[in-house]
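The numbers in the sequence shown follow numbering that gives the first Met the number 0, run straight up by one, and end at 129.
Beta carbons are placed, not taken as given, at the ideal position from N, Cα and C, and that holds for glycine.
The structure displayed is predicted, hence computed values, not measured ones.
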Amino acid sequence: MKILFEYEDCIYGIIIGVILIGLSGTFFTLPDYPMIWGALFGIAAILTILDVRHTFSDLSGHSVLIILALLNNIIDLILEIALTAKMFNLDIPYLSEQLNPYLNDPTMLAGIGTFFIVTSCLWIYEFHKR
0 MKILFEYEDC
10 IYGIIIGVIL
20 IGLSGTFFTL
30 PDYPMIWGAL
40 FGIAAILTIL
50 DVRHTFSDLS
60 GHSVLIILAL
70 LNNIIDLILE
80 IALTAKMFNL
90 DIPYLSEQLN
100 PYLNDPTMLA
110 GIGTFFIVTS
120 CLWIYEFHKR
C-alpha cells in the first residue's frame, strides 16, 4: 500500500495473522464476530491489491524480490478473499469449495495466521536492510 511508510501493509499482515491465530483458539480465543472479521479481511484484500499496484509502479528492486513479493501477494489475496467470503457466508465458485474445508480447521487457521506473521516479518526485515 505504501501510504504513510514503507512497511505499513506488513504491520496489517501481522495483525491479520494474530487475529487468525485467535480465531483458531490455539493460544488464545477471540470472540466470534464474523462481520467484523470479514470486514478486516476485506480491507486486507484491498490493501494487498494496492501493494501489487505499488510493486508494479516501483520495479527498481531486485527481480527475485519482485517475483517473491508478487507471489506472496497472490497467496495473501487468495486467502484474504476466501476468509472474507467465509465470514460473510458467501459462496465463491471453486475458491470456497477448495479452501473452506481448510479454513474450518483450527490447525490450518493457526498455520495461515503464522504464514501471515512470518512473511510480514520477513518483508519488514527486508525493508530495513535497504
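Buried or exposed, going by whether 16 or more other CB atoms sit within 10 Å of the CB of residue i?
i	result
L46	buried
I73	exposed
Y6	buried
D50	buried
In this structure, does DSSP put residue i in helix, strand or coil?
i	result
I80	helix
N103	coil
N72	helix
Please tell me whether residue i and residue j are closer than 8 Å, where the distance is taken between their beta carbons.
i	j	result
I80	A44	yes
I115	L19	In the sequence on display, residue 115 carries Phe and not Ile. Yes, the Cβ-Cβ distance between F115 and L19 is below 8 Å.
Between the alpha carbons of residue i and residue j, how many angstroms are there, rounded?
i	j	result
F27	D104	16 Å
Y32	M86	9 Å
T106	G112	10 Å
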